[in-house]
Each structure stands twice: as structure tokens, then as C-alpha cells.
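This report refers to the structure that appears directly beneath it.
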Amino acid sequence: MPELPEVEHAARTLRRLALGRRVARVVLDGRARRLFRPDGPAAVAAALTGARLAAVDRRGKQLLLTLEGAEGVVGLNSHLGMTGKWEAGPRWSPGGTGGSSGSGGSSGPGAPPLPPHVRAALLLDDGSAVHYDDPRMFGRLRLVPGARFEALAEVAALGPDPLHDGIDAAALATGLAATRRPVKVALLDQGLLAGVGNIHAAEACWRARLDPRRRADRLSRAEVAALARGLRATFRFALAKLDGPDIEYIEAGGDNPFHVYGREGARCRHPGCGGAVRRVVQAQRSTFYCPRCQR
DNA sequence: ACCCGTGTTCGCTG
DNA sequence: TCAGCGAACACGGG
11 MPELPEVEHA ARTLRRLALG RRVARVVLDG RARRLFRPDG PAAVAAALTG ARLAAVDRRG
71 KQLLLTLEGA EGVVGLNSHL GMTGKWEAGP RWSPGGTGGS SGSGGSSGPG APPLPPHVRA
131 ALLLDDGSAV HYDDPRMFGR LRLVPGARFE ALAEVAALGP DPLHDGIDAA ALATGLAATR
191 RPVKVALLDQ GLLAGVGNIH AAEACWRARL DPRRRADRLS RAEVAALARG LRATFRFALA
251 KLDGPDIEYI EAGGDNPFHV YGREGARCRH PGCGGAVRRV VQAQRSTFYC PRCQR
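For the first sequence, the tail end lands on 305 under the working numbering, and the numbers increase by one without skipping.
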């Protein structure tokens, strides 16, 4: 799920579903231990239970939740990894035996069973629920005491956020000039610009008509400016898609909404180009581009 | 069975 | 000293 547009979408989803609500119960997949590093499922469940969701923020691909509990303010840092998503869960009834959410966070007596791949269920005080779904478990849910997110190394290391700070071409040029790596690989560095991932790095290069294999430190100012525009455009495009009715994206049989990503062999969509999209591998990741118009 | 995958971290190397 | 590279993580889908 995760590049900046989808993480932003996740933040909006969480605000819509849960902002201002109290977490009445927490049910966690106790086997998904790596997801709850370093606190462990039990500590996460204990910290969240009874707390009210006061804020949902995002920096790059990092989701930053602020909760107010009996013990004071606690932060929850959610990273979606490769396949994480937040979604509405089924309604629930408090009734039951009060079968605690506390005992290790795993589903105890009376706890509703979690659907496959749902690693965490937050049961809210109005009978609604939100689920964190993550089949591959590359994501992370960790506590941040006092919601002091700046104390997290992964947050402190982030570069400017495209939505909060904008994309400054001069700053981008400075960052790119500092590395000899290929430009598409350089764009994946979260310290350069927070939130760029494999899809949008390739899409931005395509929009800038820039060969993704070019050395980052050898781009002209005009090329970096075009890249900055390409990044703004591809993020804007994806966010509009996510706001729209067809959220299916690339999975679940949904149409591929991208211009080069996942389109190996297809025709380049730049007017009058007609080149064939090619796939190469850079830094162990697929890169898609049009050899004809991307120079 | 085999290959691929929207991300990140870690250890090694030159 | 450190930029850059490749393996590893874990699981489902084509």
C-alpha cells in the first residue's frame, strides 16, 4: 500500500473513522510479533486501551497517532511496510464477558477472532472498529512515549515532506548532487524527499522525460526542475485517484492507473512517442521507463 | 514450481 | 569513514 499518496489516504481514513473516539478494546494478532517491535503486543494493547485518538499526522510514509490515555499522552507510530492498510472493521458489541484485551494482546476469551491478515483491531467506544491489515508484516506499530515523534530516528532522518513543505527544486538539486547513484535510486532515499517510493520515482522520471539510470549528480538544473514538477504531478494524480471512486489501484483486478509502472511492453503515453515501455532492475527494484523519450 | 512485489534494515566491501 | 550494494524479512498472487 505505501507511498506518500496511500499513506496520506490512510491518515484521512483514520481521521474519518476514529478521530476523537475512545479505544474500548484492542485485539492483536499475537503471532505477529515482529510488527510490534520493540514493545511487543501486550504493551501496545495496554497502552492503547482506554485512550482517545486525539490526532493523526503523517511525515513521509510514517503515520503518527496521538492518543490521550489515563496515563497521559502516548504516540503510536504506524508504518505500512509493503502491504499494510487501515480500514473499517465490522461493528462489535461490548456485551460479552469483558474478555480482556490485555492478556498479551492476543485474542483472549470472548475476543472476536481476527480475519486473515488483520494484525490489529481497535474496537471503538461507539461500536465501530478499525483494522490494521498487513499480510507480509513488513509494517510496524510501535509506541512513542509522550508522542515525542521527533525522538524516533526514522522520523528525524526524514527529508522535507512534499505535502507539508512542498518540493523545492533547488533543495532537490543540492541533494541529488551529493550522490553518484542513478537518479531513480536516489529518489528512494527518504532523507532526500520523504514519501517517494518505487512507483512514483519511476513515474516522476517519466513525466520529466528523464532516463532513470542517469547519474543523480550529473543532472542539469532544468532537468531537476522538470523532475520536481514530475514528482508534484504524480503525487497529485495519485491523491486525486484515491479521493475518487475507483480506489482499486493496481491490485484486485483494478486497472493500472500509472503511466510506466507495471506497463512493460506497452506503448509510451507521451503524445507522439510510441516507444515501448521497458523494465530494468536497479538496486534490486524494478524500474519502468520509455527508452525512446526518457533521456 | 518459479518469479514477482507500493519498504526498510543490516552487514559487508572497496 | 562511508557510500553503495546485496541479502534478508514474510507471504500471497500470477
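Ideal Cβ placement from N, Cα and C applies to all residues, glycine included. No experiment lies behind these values; they were computed from the predicted model shown.
Within the region 151-190, the alpha helix (DSSP H) runs of at least 4 residues that lie entirely inside it are, in chain order, 163-166, 179-187. Between Asn208 and Arg295, the C-beta spacing is below 8 Å. A straight line joining the alpha-carbon of Val83 with that of Arg32 spans about 13 Å. The three-state reading of DSSP puts Arg101 in coil, since its state is none of H, G, I, E or B. Under the DSSP assignment, Val128 falls in the beta strand (DSSP E) whose first and last residues are 128-134. Per the coordinates, the alpha-carbon of Val165 lies some 10 Å from the alpha-carbon of Leu73. Boundaries of the alpha helix (DSSP H) around Gly240: 231-253.
Note on geometry: alpha-carbon atoms of Pro267 and Ala80 lie some 45 Å from one another. When only Cα atoms are considered, Ala236 and Pro125 end up about 45 Å apart. By DSSP's assignment, Ala139 forms a beta bridge with Gly99, Leu133. Less than 8 Å divides the Cβ of Leu186 from the Cβ of Ala226. Counting along the chain, Val54 sits inside the alpha helix (DSSP H) bounded by residues 51-58. Approximately 10 Å separates the beta-carbon atoms of Leu202 and Ala211; this is outside 8 Å, ruling out the contact. Residue nearest to Ala98 within the set Arg44, Arg302, Leu132 is Leu132 (criterion: CA-CA distance).
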